[in-house]
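Read the structure below first, then the notes.
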Amino acid sequence: MKIVSRTIVLAFALILSISVNAQEHHIAFLKQPKWKKVLKMAKKQNKPIFVDAYTTWCGPCKMMDRDVFTNKEVADFFNESFINVKMDMEKGEGNQLKLDWEIKAFPTLLYFNTDGEIQHRVVGAFGVDEFMNYSSMALDENKMAINLQKRYDAGEREGAFMYDYLVSLRLGYHKELEKKVAYDYLGSLSNDDLLKKENWNVVKYFMKDPTSKGFQFLVKNQDKLAKVISDDEVAAKFYNTIDKQIESWSFWYGDKPFETEKETNLIAFLQHSNYDKAPVLLGKLLANKYKRLEDKEQYLSTLDYIVKFNLAEGSSRIVQYANNVMDTYESDRAWAKALLWLKIAEAKETRVEHKVAVLEAKSKVLEKLGNKTEAELAALAAKKADKEAEKAGTKIHSIPAMKMTGMTPKNTK
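In mature numbering (1 follows the signal peptide of the UniProt record, and there is no 0), the protein residues as written are -22 to -1, 1 to 391.
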């Protein structure tokens, strides 16, 4: 009996020990304290202040609290380096501090000196490594946002510095200022300067307009740029910049004037460019244009051209085009084209998990064309392919991606 009792006691002791250790691995936050009290503590202890500015409805804030602030490395660093404050920005003094600190999204992570002056700002939720990296900047004289701003205001414009400064603006959610600073700096560079390695990070991460003279100059001189930057890195930058612009235009809903002049510029550039991805991107751009203009004939012809000349970049894009046609047209001619595209995709697709969607779309279009027997056969083939993919562990599950960035208030005054 004594042995059993002792075992139970030891078990409870172990559980208690684990619980205590888990509690210790958390940033020791002062929760909703008076700000004046915090400033006095900072002066007395000669410590900077870290503030987690959050709201109760903010999902990314909860993720940080659960997964990052409980990390031992994080807790040890912050408890040693800062006076740590957790402040609900919609409760008590938080309402006024939100205005004073110009908080526009959550979580906003603020780093103050002992005088209560903001030295660094990071907006959004991050994993442990990113959070530690961005937080270490707040203690680095060469990286903290306030010093970078002072250096910029004093006229410093060297490439590596400009990259650090622009990163601080992005982390701080200063979107309009980031856009202006990047535009001004990139626009000030000569062609020779654009090709220099020291400016590549600014180009790579902050040059977003494929219709700008600087971007189009770099594409035309890709061979020169490739002498200092890897071919793959350069190719990815060029493709992604143009593709993102095309995608952004595809989500235009008429709430503001469309960028017709920029679209025309990009079409002309791609038509006359020797860039190897120009045909693929031009096809996508024209398809989006005709879809937006509701020019059904040109849209159908463009899609037909894209598929037949192998510019669709995979079967998933062909499936998307076929589904668009089925949703947009009430015409056997259009549906027959969609069926032809899907047959091309089916013949070329070697991955069973991707063939599922092709066969499902094929079944759907055959049904529309009145070929019920063939439609049923395609549906059965899709189910068979789905089972094969599941057995192989390659089945594609449609789960929407989530990126934890800062959340803006529902009603911003």
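Glycine residues also receive a C-beta, built at the ideal position from the N, C-alpha and C atoms.
On a predicted model such as this, the values are computed, not experimentally measured, just so you know.
Restricting attention to 267, 130, 340, 145, the CA atom closest to the CA of residue 223 is found in 267. Taking every protein chain shown into account, the CB of residue 201 has fewer than 16 other CB atoms within 10 angstroms, so this residue is exposed. Counting C-beta pairs with one atom in each stretch, the region 70 to 78 and the region 35 to 42 have fewer than three that are closer than 8 Å, which means they do not touch. Our two residues, residue 32 and residue 297, have alpha carbons roughly 42 Å apart in a direct line.
Counting only the Cα atoms, residue 14 lies some 32 Å from residue 156. Residue pairing by DSSP places residue 367 opposite no residue, since no beta bridge is assigned to it. In the displayed model, residue 10 falls within coil according to three-state DSSP, outside both helix and strand. When the beta-carbon positions are compared, residue 284 and residue 332 stay at least 9 Å from each other. Taking the Cα positions, residue 362 is about 25 Å away from residue 290. With fewer than 16 other Cβ atoms inside 10 Å of its own Cβ, residue 133 counts as exposed. Secondary structure note for residue 30: its beta strand (DSSP E) is the uninterrupted segment 27 to 32. At the C-beta level, residue 299 and residue 259 stay beyond 9 Å of one another. Sequence-distant Cβ neighbours of residue 5 in its own chain, meaning closer than 6 Å and more than five residues away, are 47, 53, 56, 62. When DSSP states are grouped into helix, strand and coil, residue 86 belongs to the strand group.
Residue 327 sits away from residue 356, with the two beta carbons spaced by 9 Å or more. Under DSSP, residue 98 takes part in a beta bridge, and its partners are 89. Residue 28 and residue 50 have their C-alpha atoms some 17 Å from each other. Residue 66 has 32 as its beta-bridge partners, per DSSP.
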